[in-house]
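Asks: In the working numbering, the protein residues as written are 1 to 269.
Starting off with a structure, shown below.
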Ligand SMILES: [Zn+2]
């Protein structure tokens, strides 16, 4: 990709963040790694909906501006922290998607296994401790989760997603918010039934088989496996019996095939 094409791609992601309502005013920031010590990023003080390629600036690994008229955002520190600790990451997206952010405000973790796509692509999304924007508190809050996750919630603030490509990082941001919306709707309907443990194992095997790039925290099995309080218990009466009970569910090959197709399409393969 040429420099212009990268800048254009950053602008397009910015426009989508704005159009999706993932940012208000000048919120959010996007960066792309172009070499070991060079990054293109969005400037401070500009709405992501108004970005044009000439506004994109180039910085080094310390945040010093190398090219461009405008100045980098103070939140770029968390991007640089990710690049330093995760050499596999080539793009970082930060936004304030409202429903996912509301979960952090409500103190409800987004760690329920409810959608196959979300389990495959990111697993449970950790909530990082609250930090003052523009300080080192936010980059530091990522530290406990940075090696095992590609999507992070920032308490009472927003979300951060990373990827080997900009497209992947943006799709993860969409996935975080979509997963949060479905979870919220299910809670409003009065019940959340998670995907049972044996199905989680299948999805994790599928992830391995598909060689999906990036990191994943794995799926924690129900702590109460096989007991009265097992969270998979709700499946005991349905035909899809949980593996923590007595009979294992039969493989739903159609479902697995459909998900594989969707995920591959999303990754542009
Ligand atoms: Zn922010």
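Quick reminder that beta carbons are idealized off the backbone N, C-alpha and C, glycines included.
Name the DSSP beta bridge partners of residue 161, please?
Replies: 93 and 151
Asks: Can you name, in chain order, every residue of its own chain whose Cβ lies under 8 Å from the Cβ of residue 192, other than the five neighbours on each side?
Replies: 112, 114, 183 and 186
Asks: Could you tell me which residues DSSP puts in a beta bridge with residue 40?
Replies: 32 and 58
Asks: Inspect the beta-carbon positions of residue 131 and residue 150 and report whether they are closer than 8 Å.
Replies: The answer is no: Cβ separation not under 8 Å.
Asks: Contact between the segment 22–34 and the segment 61–77: three or more CB pairs below 8 Å?
Replies: yes
Asks: Just verifying my parser: in three-state terms, what is the DSSP assignment at residue 82?
Replies: helix
Asks: Mark residue 87 as exposed unless 16 or more other C-beta atoms lie within 10 angstroms of its C-beta, in which case mark it buried.
Replies: Its Cβ having fewer than 16 others within 10 Å, residue 87 is exposed.
Asks: Report back the beta-carbon spacing between residue 96 and residue 32 to the nearest angstrom; my notes put them in contact at under 8 Å.
Replies: Residue 96 to residue 32, Cβ: 20 Å. No contact.
Asks: Report yes if the C-beta distance between residue 125 and residue 110 is below 8 Å; otherwise report no.
Replies: Contact: yes.
Asks: If you draw a straight line from the alpha carbon of residue 18 to that of residue 181, how long is it in whole angstroms?
Replies: Between the alpha carbons of residue 18 and residue 181 lies a gap of roughly 18 Å.
Asks: What first and last residue would you give for the beta strand (DSSP E) that runs through residue 66?
Replies: 65–67
Asks: Are the Cβ atoms of residue 34 and residue 70 separated by less than 8 Å?
Replies: no
Asks: So, with DSSP's three-state summary, where would you put residue 183?
Replies: helix
Asks: I want to know whether the segment 136–156 touches the segment 208–218 - three or more CB-CB distances under 8 Å.
Replies: yes
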